[in-house]
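Student: Once you've had a glance at the structure underneath, I'll fire off some questions.
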Amino acid sequence: MSLLKEDPLLLEAFRRGEPGALTRVYRAYSGHVARFLSRTYVSRGPGGLARVGPLDLEAAHQETFVRAFREQARHTYDGVRPYSLWLNALARQAAVDVLRAAGRIAREAVALDDTPTAERLASNSPSPEDRALEAETRELVQRFLSGLDEATRRLADLRFVQGLSQERAGLVLGWSRQELRTRETKLRRAMTDFLVEEGWLTADAPDALPSAAATAAVMALLFPHFVP
Amino acid sequence: MALFTPHVDRQLVHLANEGVLPPRQWSRVLSHARGCARCGARYERVMNLRRMFARDTITEPTPGELESLESRGLSAVLAAVEEEASRESSGQAARVDRLHKEDLGGAWSLGRRVWAWVLGVWNAPSLGHVGGAWVASLMAAAGLLWLSLPSDTTEWGTRGEGQGAATVMRLFCVPEEAELREVRGQGDCPAGAALAFAAGVRAPYTHVVVTVRTDKGLRVEGPFEVKAPPGSEAALDLTPKLPDTGEVELTAVFASSASEALAAARGESVKDVVRVQHRVRIAGKP
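See the structure below:
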């Protein structure tokens, strides 16, 4: 797909910076940029290869489009090359800057674009860190699923993996809406408990509630007539 | 003991279970997590888990992430592009890259970490355990609320409970290692701290733009849509970090549309705007 290549009118409107054209381009390439940022290693430094994780994805994604939509960038794009490749180059640099600004990579980390091509090509496979993280996460998922009974595991598959709506999942499983909701509540509770047990989450942060003494003090301050 | 947790554990539990959060809540969680090592690591793990469920890999975003980026990011991108264009056309020399917000001492990441404290107070879904009345009572008891002043006034002032004022802006100092506190009058805030804002408006006002002037230049932030009324001010997604020395001049411009607020903040003549100013000295211990 190359939206701007195939639609000269859109390209002209895009170059003029018309919001409607920018919106169309954004919507057409948002997913591409997000996927590219998530799977592409963008820098090499003392800590190894770095890519944009979930935490920085939104910042890098927005930064990419802000750069792409600047007047100079809009006019520099020639309308001939695939726009996705043009965005990739901007995304790489935006990602490096976002990761640097967030302190995830050292200031002196080298953008992979600035390294020899052979080294870049050799960096396309997952880094050892990512392989380890992925293995750990996959194992966690497997352990969670293996602890469920058959029906609940099927529900987890439909809702978490396949992303079906409750209604469709209910149809597939032959459950009523109420039954599905009840089972799903149990499933979610089981997952929360599992993640808390594994140390991945904390159900409630400490100090989340004001103490009874603090509450009483404020109530007494506010409503002295009601305090005996 | 802190009265309210600064962290986002409840939202992370929800995210782990649902894979998505309501748009505004997701933005707030991300804002907090990007500046909080504890919650940042947990956010990454939760999203990696969801990615593993949905894609069987941690290097592919979930459908929920993609949808969220497409819907939430567009307005921010268009606003940033418009802002940059207007800045360039108005010939302001101090053209500041968006990323410099973070470079300016990591303002985003630092400020947002602590800013969630404020967000927690106003974020209705997270108030289930505290109670909106509790917060309202606390605010009333402490006399914390501020009234904004008419456009010819140059200082933010203290308000009562928001009755009668059409626009309200509250300012908070967010030190790195200390509790958040409200700044009133010619307030001080230590070097390295961040500022945080909460705003409330009545019709016809709907948007606010905040300009932040430091020795390093001027930044125009916003426009931010303000839906909360005075008395229940909502947090702005804005936490500029203070420089090491000097003074910061803040100007908030309220208007009945985003474009009018932006135009007024740029110095153009716009009718029926409310402009409030405040100075914060960099002083005091963190």
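Protein chains in written order, with this note's numbering: chain A, 1 to 228; chain B, 1 to 286.
All residues carry an ideal CB built from backbone N, CA and C; glycine is no exception.
Any beta carbon of chain A sitting closer than 8 angstroms to that of ARG42(B)?
Tutor: It does; some Cβ of chain A falls within 8 angstroms.
Student: I need the straight-line Cα distance from TRP117(B) to VAL13(B), nearest angstrom please.
Tutor: Interpretation of TRP117(B) is limited by its pLDDT of 46, a score under 50 that renders its predicted location unreliable; the figure taken from the coordinates is listed afterwards. Between TRP117(B) and VAL13(B), the C-alpha separation is close to 18 angstroms.
Student: Any Cβ of chain B within less than 8 angstroms of the Cβ of LEU57(A)?
Tutor: Yes, its Cβ sits closer than 8 angstroms to a Cβ of chain B.
Student: From the beta carbon of GLU65(B), is the nearest beta carbon of chain A less than 8 angstroms away?
Tutor: Yes, GLU65(B) counts as interfacial toward chain A.
Student: Work out the CA separation of LEU37(A) and THR64(A) for me, nearest whole Å.
Tutor: Rounded to whole angstroms, THR64(A) to LEU37(A) spans 10 angstroms at the Cα level.
Student: By the criterion of Cβ-Cβ separation under 8 angstroms, what are the contact partners of GLY231(B) in chain A?
Tutor: Here the premise fails: no neighbours, minimum Cβ distance about 15 angstroms.
Student: If ARG50(B) and THR62(B) are in contact, beta carbons under 8 angstroms, what's the gap, nearest whole angstrom?
Tutor: Going by Cβ atoms, the distance from ARG50(B) to THR62(B) rounds to 5 angstroms, so yes, they are a contact pair.
Student: Where ALA60(A) and VAL20(B) are concerned, what is the direct C-alpha to C-alpha distance, given to the nearest angstrom?
Tutor: Approximately 19 angstroms between the Cα atoms of the pair.
Student: Verify the CB distance criterion: does PRO14(A) have a CB-CB separation below 8 angstroms to chain B?
Tutor: The amino acid at residue 14(A) is misidentified as Pro; the sequence shows Phe. Not an interface residue.
Student: In terms of residue numbering, what span does the beta strand (DSSP E) encompassing ALA198(B) cover?
Tutor: Element bounds for ALA198(B): 194–201.
Student: In the DSSP assignment, what residue or residues form a beta bridge with PHE224(B)?
Tutor: VAL208(B).
Student: Using a Cβ-Cβ cutoff of less than 6 angstroms, which residues in the same chain neighbour ARG177(A) once the five nearest sequence positions on both sides are dropped?
Tutor: Same-chain partners within the cutoff: GLY170.
Student: Does any residue of chain A have a CB that is nearer than 8 angstroms to the CB of VAL13(B)?
Tutor: So, interface residue.
Student: Is there a C-beta anywhere in chain C that falls below 8 angstroms from the one on ALA33(B)?
Tutor: In the structure shown, chain C cannot be found, because the protein chains are A and B.
Student: Per DSSP, what are the beta-bridge partners of LEU9(A) in this structure?
Tutor: In DSSP, LEU9(A) forms no bridge with anything.
Student: In angstroms with no decimal places, state the Cα-to-Cα distance between ALA132(A) and LEU69(B).
Tutor: If you take the alpha carbons of ALA132(A) and LEU69(B), they lie about 27 angstroms apart.
Student: Buried or exposed for LEU155(A), going by 16 or more other Cβ atoms inside 10 Å?
Tutor: That one is buried.
Student: Is the beta carbon of ARG24(A) less than 8 angstroms from the beta carbon of ARG39(A)?
Tutor: No, these two residues do not count as a Cβ contact at 8 angstroms.
Student: Could you check where the beta strand (DSSP E) with GLU249(B) kicks off and where it finishes?
Tutor: Run containing GLU249(B): 247–255, per the beta strand (DSSP E) assignment.
Student: Considering only the beta carbon of each residue, do GLY200(B) and PRO223(B) sit closer than 8 angstroms?
Tutor: Their beta carbons are not under 8 angstroms apart, which means GLY200(B) does not touch PRO223(B) by this criterion.
Student: Decide if GLY199(A) is buried, meaning its Cβ has at least 16 other Cβ atoms within 10 Å, or exposed.
Tutor: Burial call: exposed.
Student: What residues from the stretch 28–53 of chain A come within 8 angstroms of chain B, judged by C-beta to C-beta, listed N to C?
Tutor: Answer set for the stretch 28–53 of chain A: SER30, GLY31, ALA34, ARG35, SER38, ARG39, ARG51 and GLY53.
Student: Rounding to the nearest angstrom, what Cα-Cα distance links ALA283(B) and LYS241(B) in this structure?
Tutor: Looking at the two C-alpha atoms, the distance is approximately 14 angstroms.
Student: For the alpha helix (DSSP H) containing ARG189(A), list its first residue and its last residue.
Tutor: Unbroken alpha helix (DSSP H) run through ARG189(A): 177–197.
Student: What are the residues that DSSP puts in a beta bridge with VAL168(B)?
Tutor: Partner(s): GLY200(B).
Student: What separation, rounded to the nearest whole angstrom, lies between the Cα atoms of SER127(A) and THR211(B)?
Tutor: In a straight line, the C-alpha of SER127(A) is about 43 angstroms away from that of THR211(B).
Student: How would you call SER146(A), buried or exposed, if buried means at least 16 neighbouring beta carbons within 10 angstroms?
Tutor: Exposed: under 16 other Cβ atoms inside 10 Å.
Student: Assuming ALA85(B) and GLY103(A) form a contact by the criterion Cβ under 8 angstroms, report the distance between their Cβ atoms to the nearest whole angstrom.
Tutor: 30 angstroms between Cβ atoms; not a contact.
Student: Rounding to the nearest angstrom, what Cα-Cα distance links ALA33(B) and HIS75(A) in this structure?
Tutor: Their Cα atoms are separated by approximately 36 angstroms.
Student: Straight-line CA distance for ARG183(A) to THR167(B)?
Tutor: Each residue's alpha carbon lies about 47 angstroms from the other.
Student: Which first and last residues belong to the alpha helix (DSSP H) in which VAL96(A) is found?
Tutor: That run of the alpha helix (DSSP H) goes 83–101.
Student: Name the residue from ARG281(B), SER257(B), HIS278(B) and ARG279(B) whose alpha carbon lies nearest to the alpha carbon of VAL270(B).
Tutor: Selected option, being the one with the closest Cα: SER257(B).
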